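Enquirer:
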Amino acid sequence: MNDFWSAVILGIVEGLTEFLPVSSTGHMILTAHLIGFTGEKAKTFEIVVQLGAVLAVFVLYWRRFFGFLNLKRSLSNSGRVNLIHIALAMLPAVVVGLALHDLVKKYLFGPGTVLISLVAGGILIIIADRARVRVTAETMDDITYKQAFGIGLFQCLALWPGFSRSGSTISGGILLGTSQKAAAEFTFIVSVPIMFAATFLDLYKSRDLLSMDDLGLFVTGLAASFIVAMIAVVTFLNIIKRLSLSWFAYYRFVLAIVFYLILFL
146 MNDFWSAVIL
156 GIVEGLTEFL
166 PVSSTGHMIL
176 TAHLIGFTGE
186 KAKTFEIVVQ
196 LGAVLAVFVL
206 YWRRFFGFLN
216 LKRSLSNSGR
226 VNLIHIALAM
236 LPAVVVGLAL
246 HDLVKKYLFG
256 PGTVLISLVA
266 GGILIIIADR
276 ARVRVTAETM
286 DDITYKQAFG
296 IGLFQCLALW
306 PGFSRSGSTI
316 SGGILLGTSQ
326 KAAAEFTFIV
336 SVPIMFAATF
346 LDLYKSRDLL
356 SMDDLGLFVT
366 GLAASFIVAM
376 IAVVTFLNII
386 KRLSLSWFAY
396 YRFVLAIVFY
406 LILFL
């Protein structure tokens with residue numbers, strides 16, 4: 146398939162799935178194998194295209210992010226999520242990600258490992274959905290520092306492609322006493338700095354594989370991801386209070402079975 150259309154397709158897949166608990170990276174890896182867009186450059190594209198979805202969140206929550214720029218106000222306002230919450234949620238994944246980056250990209254960016262993590266992540270979602278943990282953080286601004294750090298620990302699971310960042314953090318948040326909506330919004334906010342960091346780290350480490358000829362490909366994927374993610378985030382927040390998370394787990398199980406039949410039988 147023409148690389149341009151591959152970029153468009155993968156950008157749409159990324160935008161639709163980045164903030165749903167179904168694993169955008171897993172979907173892109175599986176889709177890329179179906180359309181024949183593979184190799185080291187494709188692996189880098191699959192990470193960089195996430196920037197489009199990140200920019201969509203930044204646009205939707207721009208007032209919150211600009212509020213963080215006022216450090217004194219941000220850190221002193223104990224009644225709202227602040228930079229300390231963000232730092233605590235980022236710390237575990239940053240440390241583990243830096244330590245295991247090369248191993249993850251070498252051994253876990255394949256369809257077989259993604260299918261396993263789709264199932265494992267689905268099991269975690271069902272456990273969280275059926276747990277009867279008392280909600281102590283009804284809104285994002287009710288989240289404590291302890292809960293923020295705990296969500297960050299769960300986010301480490303998302304280093305395994307297919308596990309899903311939003312799936313692991315929303316499930317973790319629920320198990321730690323946040324509402325589904327609070328965990329989802331906090332996941333969106335935290336995703337921006339950590340995905341920027343992960344993207345630029347990967348670009349730096351893959352600099353020898355890329356050239357200016359790839360710019361159009363990357364921009365195309367970013368644009369498609371941005372537009373679709375804007376719609377997907379708003380839609381997800383509108384339905385998450387009414388929809389059981391388990392439905393996303395069932396979808397993951399079906400997806401794993403379908404792709405196993407397509408790719409391995």
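To convert a position in the sequence shown, counted from 1, into our numbering, add 145.
Idealized CB from N, CA, C, for every residue including glycine.
Every value quoted in this text rests on a predicted model; they were computed, and no experiment measured them.
If you compare alpha carbons, which of Ala328, Leu200, Phe294 is closest to Leu382?
Expert: Minimum Cα distance to Leu382 is reached at Ala328.
Enquirer: By Cβ distance below 8 Å, which residues in the same chain neighbour Leu298 in space, the five residues on each side in sequence not counted?
Expert: Around Leu298: Pro237, Gly317.
Enquirer: What does a CB cutoff of less than 6 Å around Leu362 pick up in its chain, not counting 5 residues either side in sequence?
Expert: So the qualifying residues of the chain are Asp148, Ala152.
Enquirer: Determine the direct distance from the alpha carbon of Val202 to that of Val399, and round the result to whole angstroms.
Expert: Cα to Cα, the separation comes out at about 28 Å.
Enquirer: Looking at the structure shown, is Thr365 part of a helix, part of a strand, or coil, going by DSSP?
Expert: Correct three-state label for Thr365: helix.
Enquirer: Tell me whether Ala394 sits in a helix, a strand or coil according to DSSP, three-state version.
Expert: Of the three classes helix, strand and coil, the one that applies to Ala394 here is helix, per DSSP.
Enquirer: Count the other C-beta atoms from every protein chain shown that fall within 10 angstroms of the C-beta of Val280, then say buried if there are 16 or more, exposed otherwise.
Expert: By the 10 Å Cβ count, Val280 comes out exposed.
Enquirer: Could you give the DSSP three-state label for Ala329: helix, strand or coil?
Expert: Here Ala329 sits in helix by DSSP.
Enquirer: In the DSSP assignment, find the alpha helix (DSSP H) that holds Ser316 and state where it starts and stops.
Expert: That run of the alpha helix (DSSP H) goes 310–320.
Enquirer: Under the assumption that Thr170 contacts Glu191 (Cβ atoms under 8 Å), give the Cβ distance between them as a whole number of angstroms.
Expert: With a Cβ gap of about 6 Å, Thr170 and Glu191 count as contacting.
Enquirer: Provide the residue span of the alpha helix (DSSP H) that contains Ser151, from first to last.
Expert: 148–162 is the extent of the alpha helix (DSSP H) around Ser151.
Enquirer: Can you give the Cα-Cα distance for Arg275 and Ile334, rounded to whole angstroms?
Expert: Each residue's Cα considered, the two are about 25 Å apart.
Enquirer: Just the C-alpha distance for Thr162 and Asn215, rounded to the nearest angstrom, thanks.
Expert: For Thr162 and Asn215, the distance between alpha carbons rounds to 32 Å.
Enquirer: For Leu401, list the residues DSSP reports as bridge partners.
Expert: In the sequence as presented, Leu is not what sits at residue 401; that position holds Ala. Note: Ala401 sits in no beta bridge, so no partner.
Enquirer: Pick out whichever of Val337, Ile319, Thr258 has its Cα sitting closest to the Cα of Phe409.
Expert: It is Thr258 whose Cα lies nearest to the Cα of Phe409.
Enquirer: Taking the alpha helix (DSSP H) that Met235 falls in, what are its first and last residues?
Expert: Per DSSP, Met235 belongs to the alpha helix (DSSP H) from 228–252.
Enquirer: Rounded to the nearest angstrom, how far is the Cβ of Ser168 from that of Gly312, given a contact under 8 Å?
Expert: Going by Cβ atoms, the distance from Ser168 to Gly312 rounds to 7 Å, so yes, they are a contact pair.
Enquirer: Name, in chain order, the residues that DSSP records as bridge partners for Thr323.
Expert: Its beta-bridge partners are Ala282.
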